[in-house]
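These notes are about the structure you will find just below.
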Amino acid sequence: MVGPKQIILPGLLLLLLITPAIGKVGLPRAVQVELRVVARELAVSRRAQLLANRNAVAAQEAVLAATTGEGGRDLPDLRRRAERAREVFYFWQSRCVSLEQRRGDLRERRRAWRRSDGAIAPRQMPAAGAVEVPFRSDRSRSGWDGGIGIRVEAGDWVRAAAPGTVVFAGTLPAYGGVVVLDHGLRVFTVYGGLGGAEVALDAPVSVGARLGQADLEGGGLVYFSVRRGREALDPQSWHRELESGKSLESSQE
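Residue numbers (the numbering used here): 895 to 1147.
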């Protein structure tokens, strides 16, 4: 039987255990990685552009000095150096413009991906039983870290709380059989205490789809968690968002 005292792994540890599976899913992660790369390259390019500008100004001043004073014999060489310095400056200027445009495109792709999902709906609780162990936002050990415990009977079906894609189906220490669904918008739901997964990795599921049966002799609790990135959300509040007219998208903006 799985009970609240057994489910004491920190929420962060749970995320670390399932991250290899969920980390490869979803456009936003790929875009975020590229955005970080572009930001680093843009910072380097801006510094190079600033240095190139200083060199170009200095080279042009040397040409002017040679033109108006002594050193006329060096004028052709100074002009070549000034031209080369301008070329270097224009290169880095063009590079910065290109990177800024790329960053803007990536940000728009991220916004478009988020808008495309809209509110994650419909939603339902994964089991019909009472919530016996409530959510604890302060990670109190009196509750299940990052999730809730729902009372079920042995053999009861645990169902998908919203449409999504299976990104993990297996077992984890202290959680037993576990299924993780990706709902887009960086939101994942985690279901623990299953006897086994009835869904396959990468399979799309609809709301209410059977994920697995509760593996609890004589009845017990199943674990249910909702996560936005690394943040644990109150599953009951998340379930009620649609009823109160709020959407997940609006809560992110």
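Glycine is no exception: its CB is placed at the ideal position from the N, C-alpha and C atoms.
The structure displayed is predicted, hence computed values, not measured ones.
Asked: Contact check, P1067 vs S1100, beta carbons under 8 Å; Found: no
Asked: The segment 999-1006 touching the segment 1084-1099, judged by at least three CB pairs closer than 8 Å; Found: no
Asked: Nonlocal neighbours in the same chain, by C-beta distance under 6 Å from N949, ignoring five residues either side; Found: A979
Asked: Given 8 Å, three or more beta-carbon pairs between the segment 1065-1084 and the segment 1114-1123; Found: yes
Asked: V991 burial status per 10 Å Cβ neighbour count (16 or more: buried); Found: exposed
Asked: The beta strand (DSSP E) enclosing S1119, as first and last residue numbers; Found: G1114 to R1122
Asked: Three CB pairs or more closer than 8 Å across the segment 1040-1058 and the segment 1011-1030; Found: yes
Asked: Residue(s) in a DSSP beta bridge with G1043; Found: V1027 and Y1117
Asked: N- and C-terminal bounds of the alpha helix (DSSP H) containing R1017; Found: Taken as a continuous stretch (DSSP letters only), R1017 belongs to no alpha helix (DSSP H), as it is neither H nor E.
Asked: Length of the line joining the Cα atoms of K918 and A953; Found: Its pLDDT being 42, under 50, K918 is placed unreliably in this model, and the coordinates cannot settle the point.
Asked: Helix, strand or coil at L972 [DSSP, three-state]; Found: helix
Asked: Counted within 10 angstroms of its Cβ, other Cβ atoms place Y984 as buried (16 or more) or exposed; Found: exposed
Asked: Neighbour-count burial assignment, A1054, 16 or more Cβ in a 10 Å radius; Found: buried
Asked: Paired residues, beta bridge with V1074 - DSSP; Found: F1062 and V1084
Asked: Cβ-based burial, A1108 [other Cβ within 10 Å; buried from 16]; Found: buried
Asked: Alpha-carbon to alpha-carbon, G1106 and P1020; Found: 10 Å
Asked: Run of the beta strand (DSSP E) containing R1104, from where it starts to where it stops; Found: R1104 to Q1107
Asked: V1099 - DSSP class collapsed to helix/strand/coil; Found: strand
Asked: Selection from P970, A946, L936 and Q1018 that minimises the alpha carbon distance to R989; Found: L936
Asked: N-terminal and C-terminal residue of the alpha helix (DSSP H) that R1134 is part of; Found: P1129 to R1134
Asked: V927, DSSP secondary structure in three states; Found: helix
Asked: Among V1116, V1060 and D1050, nearest to Y1069 - alpha-carbon criterion; Found: V1116
Asked: Cα-Cα separation between G963 and V932, rounded to whole angstroms; Found: 46 Å
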